[in-house]
Each structure stands twice: as C-alpha cells, then as structure tokens.
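A.B. asks:
Residue numbers (the numbering used here), protein chains in the order written: chain A, -13 to 257; chain B, -13 to 257.
See the structure below:
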C-alpha cells in the first residue's frame, strides 16, 4: 500500500516519523477518516471541512492547500488501485525543537486501507455506558486514551462499544455518534460537547424527510425510555444498538425506525 | 546524540517509528524523564518505579526488564559522553495491526538530551490557573493536549506556567507539582488526582525535618491566603512562584521557606 508522508508517496512499510514528532512526544495531532466507494470519496467536502476545523481548533498549521490534499488523496486511490477503502489524513505537531511547542512545520500523513462496507442489515451491537467527557470535543484529536484503555473491559463484559456520558449527560461513542428513538417515535441525538460526525450530519438532513429528528440534551435516564437506538459513523453508516448496559432494546432486534433509516442511508450513499 | 529504539542504539536523526505506531495513530503511550548529574541518574529507582507503574496502569506491556532498561540508560550516558543530561524513556502502544488495540509488542525509546540544571536561586515565575483535570492522573501518559494548546495563551498573558484546578480543587502544573506556604508557615501540596512527582516525594521526605509539610485537598481559595508558593519537577527542582493570576506573592520575591527548601534540596541532590 502506498501512503503520503508530507510530499513523498512511499510504501507503507517504509513510512515513518522521526521520534521528535509531537505525536510521539506528546500525543499531539488531529486526523480525519473517510471512505471511498467505487473509487469515489464519500462526503469529501464535509471531511475536509472538519479536518481543517480540527487543525485550526488545535492551532496546527496545515502546509498543503485543500485542493493539494484532495489531489493527493486521488493520486493515492489511483496508485493503490483500491476503489473500496478508508482514507485517513493525519496531521501532527511536527518535529518540535523543544519537544513541547508546536513546530512551524506540521507533519501530514495520508494513508489508505482496504475497507468494504458490510451491508448486513441484521447486525446489531451492545453498548456499555461510561462516565467520560472527551477533551476538545469538537476536534478530532489523536486522544483515544480512554477508548483504547477500555477495550479489555468491553471484551470482558461482552459489549461491542462504549457510550460516553458526562456525569449523566449522554455524549457519543469513541468513534461514532449515538441516536435513540423515543416512545413518540422521535429520533434524538446529543447536541453538545461531542464530535459532530459527518454521517450524523447527513442523517439529520435526510432523516427529517420522513421522521421527527432532533438534536437535544439527552441524559442517561432517556436510555430507559428508548424504544430503539443506533450509532452512526463513516465505517458503520447506521448500526443498530439492541443492548445498553445489559438491558435489551427492541426485543434484541433492530427496530423499524432504525431499519428504515438504514435503507434510506444505503440508497443515499450507494445510489 | 545516540538514542535507543527498542534493541538498537542509533543516531537521533535516524530514529523513527513507523506510522502504524499507536502514539502516531491514537496518542497512546507513557514516558518518564530523569536527570543525570556527573553521569549519575538522580532518583533512578523512583523514576523506574513510576515508569513501570504508568505502563501497568495504561495496560502497556514492557519488553525489557528493569535491569536491562537501566543498563541501556547507562550505555547511552556513556556513549553520548553527556554527564549532565535529561534522559527520557518513552513507551508506546506499538505497531497496532488494527490501529486501535494495543500491540503485543510495544515500542520503547530512550533518548538523552543536554541538560545542565540552572542553580539560580533568584528566579521566580508567574502562574495562570486553568480548570482542567488530567485523564489518568496517576500515570505519566503522552497526553499533553491541553498544556500545548495553552502555550500561546500563556505567552499572551505573560505568565510562565499553568496551574490546573478541577472545578476549584487545586491539582498540578502540566509538568510540575504545586506547593504553597500558608499563614501558619505550613507547606501544603495537593493530595489527589495528580501525577505524584519524584521531586515532590523527596520534598515531602526531607522537608518534614524542618517544616510542617502536608498533602491536603487544596482549593483555589487557598491561593488567596498563600504567603509563598513554588513548583517542583525534575528539570526545575524547586522553583519559586511569585505571581498567580496576576496577584503578587511574597512581595514578588522568593519567600524564606521556599528559599530554605531550595538550599536543602540542592545539598540533597548535589551533595
């Protein structure tokens, strides 16, 4: 697989950063991740918007222009001959002379990986709730300490993903947004202190055609009255949640509102 | 300068990690930092204790034994011919196949840098308080997002360092512990949800010979009654604080209790 490290396109095995990079020294950087379907990046402009927004929020300079980054992404997709893929752009704090302040030149890495979206509509997952508020919630930083640290706990409990809440206020999953369907068949998703996902944005748009769908402050108590739930992300599109902290939702099967949204999203992306 | 990257001793300029390392992908890793004086690591066992404790808390496997790590550190000090230095051991999540779970083999880096402690007893600094609680407080993780992000704010305000408080509860500086001297001439330092510094530990030990010194829950209100304040760290030993959020302490000069501790610490370390 080929990757870009700054201005060089090289094989992934040879792709390295010097140990003075601020990601290695201090975990400092941001990234974004999109998928390609039939060689076409999905929601490209949304992901670029967020990439540049994350960089700006974290005060990281971006050497390449938006059009240059786009060009390189297409060069990579072409060269790797990988039409169905995930593409990740990572921006780090660069080679910092003092190991603490952001370098004038950041490092930028573009990688591609094989990724074929699994259109299995019968799958569903279980979540465990966990009290945690992501730092710099609206920026997609490299900080996944808590999520990675919790992986063995998830396995032990037999759950599939984590649902963060901040002292009872529902937030998000480490790599996905969370939605629930209440007793009035309204679709609700957390409004604040979250990373606003690109998939989430599109669900809010097209979902409102057939459903009542709102961004709202949600609490852990709202989970008890949820008839359905699902998460959304670039790799998962819409994925039904049928268990939260051991309690079954929708009789353990994806509910009708979720399924309807899944079908619609599928048409929306895959035509 | 020579550095160790896992089992190889190489020049720092050539020292790299592959981009699949979990530090670059997800900011996941820990480290420790000690100084050498006349070629001798200061408080070596304390730093190794904390290094292995941080690794364990973050579920990171360490390939090398404690004695092997020590051996390598001495090899580096010898080879770099740098008797006055800082030595950093960094442990990352390794080359993760899925970019999310900790690899079975972590990566370990040992670096050395020129560092001569500045024994200038007239220096003092100003702090700005900031509401923030470090995640995994008792582990020395790579997460310095907030500290790095705040650097331009510090500069703008003309302050030298940050004092974190968690909703009013005093914690620590990003790379140092915080102490204050109250009206009863007691020396107080925050007790919980902090990284317990090696220098802090020794101050608590030798300081109790001549002073009343306590670990206690401290609040931002306690700052108003502070007669003196100082921070402690491996690179700073004891450094007087004479300004907090613009308010002057000790008439803007290092106070007598702080100066007495500084002298004692100096004897303690340099003999």
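Glycine included, every Cβ here is placed at the ideal spot set by N, Cα and C.
#1: Counting contacts by CB-CB distance shorter than 8 Å, is residue 138 of chain A in contact with chain B?
#2: Can you name the start and end residues of the beta strand (DSSP E) that residue 98 of chain A belongs to?
#3: Please list, in chain order, all residues of the same chain as residue 91 of chain A whose beta carbon is under 6 Å from its beta carbon, the five residues on each side excluded.
#4: For the structure I just gave you, are there three or more beta carbon pairs, one from the stretch 213 to 220 of chain A and one from the stretch 55 to 63 of chain B, closer than 8 Å?
#5: Roughly how many angstroms lie between the CA atoms of residue 228 of chain A and residue 94 of chain A, to the nearest whole one?
#6: So is residue 126 of chain A in contact with chain B if we call contact Cβ pairs under 8 Å?
#7: Could you give the uninterrupted runs of the beta strand (DSSP E) lying entirely in the stretch 74 to 136 of chain B, keeping only those of 3 residues or more?
#8: For a quick check, are the C-beta atoms of residue 156 of chain A and residue 205 of chain A less than 8 Å apart?
#9: Hey, would you say residue 134 of chain A sits closer than 8 Å to residue 14 of chain B, going by beta carbons?
#10: Between the Cα of residue 240 of chain A and the Cα atoms of A/200, A/106, A/-10, A/44, which residue gives the shortest distance?
#11: Could you confirm whether any beta carbon from chain B is found closer than 8 Å to the beta carbon of residue 86 of chain A?
#12: Quick one: using the 10 Å Cβ neighbour count with 16 as the cut-off for buried, is residue -12 of chain A buried or exposed?
#13: Taking only three categories from DSSP, how would you classify residue 233 of chain B?
#14: Going by the CB atoms, is the gap between residue 16 of chain B and residue 128 of chain B shorter than 8 Å?
#15: Measuring straight from C-alpha to C-alpha, what distance separates residue 23 of chain B and residue 53 of chain B?
#16: With a 10 Å radius around its C-beta and 16 neighbouring C-beta atoms as the bar for buried, classify residue 150 of chain A as buried or exposed.
#17: Measuring only the C-alpha atoms, how far is residue 141 of chain B from residue 159 of chain A?
#18: Using 8 Å as the threshold, is the C-beta distance between residue 5 of chain A and residue 3 of chain B below it?
#19: Can you give me the C-alpha to C-alpha distance between residue 78 of chain B and residue 86 of chain B, rounded to a whole angstrom?
#20: Please identify the residue among B/210, B/191, B/45, B/101 whose C-alpha is closest to the C-alpha of residue 231 of chain B.
#21: In chain order, what are the residue ranges of uninterrupted alpha helix (DSSP H) at least 4 long that sit wholly in the stretch -3 to 54 of chain A?
#22: Mind pulling the chain B residues with CB within less than 9 Å of residue 101 of chain A?
#23: With a threshold of 7 Å on Cβ separation, who are the neighbours of residue 102 of chain A within its own chain once the five nearest residues in sequence on each side are excluded?
#24: Between the Cα of residue 225 of chain A and those of A/166, A/199, A/256, spot the shortest distance and give me the residue it belongs to.
#25: Quick one: what does DSSP say residue 252 of chain B is sitting in, helix, strand or coil?
#26: Do residue 255 of chain A and residue 223 of chain A have their CB atoms nearer than 8 Å?
#27: Let's see if you can read the secondary structure: which residues bound the beta strand (DSSP E) around residue 157 of chain A?
#28: Out of A/202, A/82, A/66, A/37, which has the shortest C-alpha to C-alpha gap to residue -3 of chain A?
#29: Go ahead and pull the three-state DSSP assignment for residue 218 of chain A.
#30: Buried or exposed, going by whether 16 or more other CB atoms sit within 10 Å of the CB of residue 163 of chain B?
#31: For a contact meaning CB atoms closer than 9 Å, what does residue 132 of chain B contact in chain A?
#32: Could you work out which residue in A/82, A/125, A/207 is closest to residue 12 of chain A when comparing CA atoms only?
#33: Leaving aside the five residues before and after residue 125 of chain B along the sequence, list all residues of the same chain whose C-beta is less than 8 Å from its C-beta, in chain order.
#34: What would DSSP say about residue 145 of chain A, mapped onto helix, strand or coil?
#35: Buried or exposed for residue 31 of chain B, please, with buried defined as at least 16 other CB atoms from any protein chain shown within 10 angstroms of its CB.
#36: Using the C-alpha atoms, what's the distance from residue 148 of chain A back to residue 243 of chain B?
C.D. replies: Taking the definition as stated:
#1: Taking Cβ atoms only, chain B reaches closer than 8 Å to residue 138 of chain A, which makes this a yes.
#2: 93 to 100
#3: 80
#4: no
#5: 39 Å
#6: no
#7: 93 to 100, 111 to 117
#8: yes
#9: yes
#10: Minimum Cα distance to residue 240 of chain A is reached at A/106.
#11: yes
#12: buried
#13: strand
#14: Closer than 8 Å, so yes.
#15: Computed Cα separation, rounded: 20 Å.
#16: Classification for residue 150 of chain A: buried.
#17: For residue 141 of chain B and residue 159 of chain A, the distance between alpha carbons rounds to 35 Å.
#18: yes
#19: Distance between the alpha carbons of residue 78 of chain B and residue 86 of chain B is about 12 Å.
#20: B/210
#21: For secondary structure counted as the alpha helix (DSSP H) over 4 or more consecutive residues, the stretch -3 to 54 of chain A holds these complete runs in sequence order: 8 to 12, 30 to 43.
#22: Residues of chain B passing the Cβ test: none, with the nearest at roughly 12 Å.
#23: 70
#24: Residue nearest to residue 225 of chain A within the set A/166, A/199, A/256 is A/166 (criterion: CA-CA distance).
#25: helix
#26: In this structure, the beta-carbon distance from residue 255 of chain A to residue 223 of chain A falls below 8 Å.
#27: Premise fails: residue 157 of chain A is in no beta strand (DSSP E) and is neither H nor E.
#28: A/66
#29: strand
#30: With 16 or more Cβ atoms within 10 Å of its Cβ, residue 163 of chain B is classed as buried.
#31: Residues of chain A passing the Cβ test: 121, 122.
#32: A/82
#33: The answer, listed in chain order, is 16, 39, 40, 43, 44, 181.
#34: coil
#35: exposed
#36: Using only the alpha carbons, I get a separation of about 49 Å.
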